[in-house]
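Residue numbers (the working numbering): 17 to 377.
Heads up, the beta-carbon is just placed ideally off N, CA and C, and yes, glycines get one too.
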């Protein structure tokens, strides 16, 4: 029975759209700069003036650069996506429908939550700011957040692929009584030759999946760097702005500002936690692979040749050491979250002190 092949293809229209959209974002930022700057200058909070100018230019420029990069990398992206689709089709019979459904449900939930949070943000933003600010600030933030969510969805799919490979490996650690076959079939399944063939097949699948993961990581590294830098600055300011009504008690929009700031914070915290969580799950799944290999090697019934193959496989895993470090600047793990929180607290304290000093002077 032949399986239907699914292929993505390079699109000139899609590439052209990215270029046109990037130019449009840059034009929008610079054409609306004077209007928004005149509005900002009337505001009494100096910290807000400076940050909103950063958001005006930084957000749109970041989105424009990312769209241009995606346009130039489209052929590479199509090649890697096709490679992954072929990998999944080749292993689809080994996957359970429940596992596929859980993967799809989780991806849908992530995407839906991102959309819902942004809709709530837009509703709260309209009550506080005008439409001009909504266009030049909310739109870039949504695009950058969507890129992170997109990468998280890709990582979720790859993590489930690693999970299924580990399930196949784990079958070899079960006792013979766990298999519902007759005695002849059991002897065949548990024979060293059969296990060696399965180990080699899984090893090849693992290598291919590792290369696919590296390919996706290389594609998303630059966009993720731009997105995380922007989100870090925006989140720092939003937390500061969240506590601003409690510092400046004369503000008439205290309740609206607090609600609006809460949605800004929620939007950014959500995408950062989802991204780091998905990246860490892949690392955990790879560590699980090494544990299963050592568990198989502890079996005294396997021959020296099979043990040698397993040792080579385990050594490969140690050498590859899957981690998510973008240009050596950002490591997507728990340490990243800790350093992000600690540095934000420091900058928020500085901003509060600077704001109070500006008011007093």
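Rounded to the nearest angstrom, what separates residue i and residue j at their Cα positions?
| i | j | result |
| --- | --- | --- |
| residue 89 | residue 163 | 15 Å |
| residue 142 | residue 154 | 11 Å |
| residue 165 | residue 363 | 26 Å |
| residue 196 | residue 181 | In this prediction, residue 196 has a pLDDT of 49, which is less than 50 and means its spatial position is unreliable; nothing more can be read from the coordinates. |
| residue 91 | residue 98 | 11 Å |
| residue 230 | residue 222 | 12 Å |
| residue 296 | residue 346 | 13 Å |
| residue 323 | residue 81 | 50 Å |
| residue 274 | residue 280 | 10 Å |
| residue 359 | residue 74 | 20 Å |
| residue 238 | residue 220 | 29 Å |
| residue 307 | residue 173 | 22 Å |
| residue 351 | residue 39 | 37 Å |
| residue 355 | residue 365 | 16 Å |
| residue 108 | residue 169 | In this prediction, residue 108 scores a pLDDT of 47, lower than 50, which makes its location untrustworthy; the coordinate-derived value is nonetheless stated afterwards. Going from the Cα of residue 108 to the Cα of residue 169 covers about 19 Å. |
| residue 118 | residue 320 | 39 Å |
| residue 135 | residue 313 | 53 Å |
| residue 105 | residue 42 | 41 Å |
| residue 183 | residue 357 | 36 Å |
| residue 93 | residue 331 | 30 Å |
| residue 120 | residue 224 | 22 Å |
Between which two residues does the alpha helix (DSSP H) holding residue i run?
| i | result |
| --- | --- |
| residue 158 | 155 to 186 |
| residue 46 | 28 to 47 |
Please name the residue in the options whose C-alpha comes closest to that of residue i.
| i | options | result |
| --- | --- | --- |
| residue 261 | 124, 278 and 251 | 278 |
| residue 127 | 280, 286, 313 and 369 | 286 |
| residue 72 | 47, 82, 367 and 281 | 47 |
| residue 292 | 334, 306 and 353 | 353 |
| residue 70 | 223, 181 and 157 | 157 |
| residue 140 | 272, 311, 125 and 130 | 272 |
| residue 233 | 340, 160 and 132 | 340 |
| residue 160 | 130, 185, 170 and 178 | 130 |
| residue 235 | 96, 80 and 74 | 96 |
| residue 370 | 263, 348, 295 and 308 | 263 |
| residue 103 | 177, 296, 351 and 358 | 177 |
| residue 372 | 259, 118 and 117 | 259 |
| residue 349 | 314, 365, 309 and 300 | 300 |
| residue 187 | 309, 173, 94 and 93 | 309 |
| residue 33 | 135, 118 and 87 | 87 |
| residue 361 | 93, 253 and 120 | 253 |
| residue 302 | 357, 179 and 224 | 179 |
Are the Cβ atoms of residue i and residue j separated by less than 8 Å?
| i | j | result |
| --- | --- | --- |
| residue 37 | residue 76 | no |
| residue 247 | residue 288 | yes |
| residue 284 | residue 250 | yes |
| residue 78 | residue 242 | yes |
| residue 298 | residue 175 | yes |
| residue 305 | residue 333 | yes |
| residue 84 | residue 29 | no |
| residue 167 | residue 228 | no |
| residue 256 | residue 137 | no |
| residue 226 | residue 311 | no |
| residue 215 | residue 122 | no |
| residue 124 | residue 282 | no |
With a cut-off of 8 Å on the beta carbons, I'd call residue i and residue j a contact; round off their distance for me.
| i | j | result |
| --- | --- | --- |
| residue 171 | residue 294 | 4 Å |
| residue 185 | residue 218 | 6 Å |
Less than 8 Å between CB atoms is the rule here; does residue i satisfy it with respect to chain C?
| i | result |
| --- | --- |
| residue 69 | Within the model displayed, chain C is absent; a lone protein chain is all it includes. |
Just to confirm, does residue i get its C-beta within under 7 Å of one of the non-hydrogen atoms of the ligand NAP?
| i | result |
| --- | --- |
| residue 135 | The ligand NAP is not part of this structure, which contains no ligands at all. |
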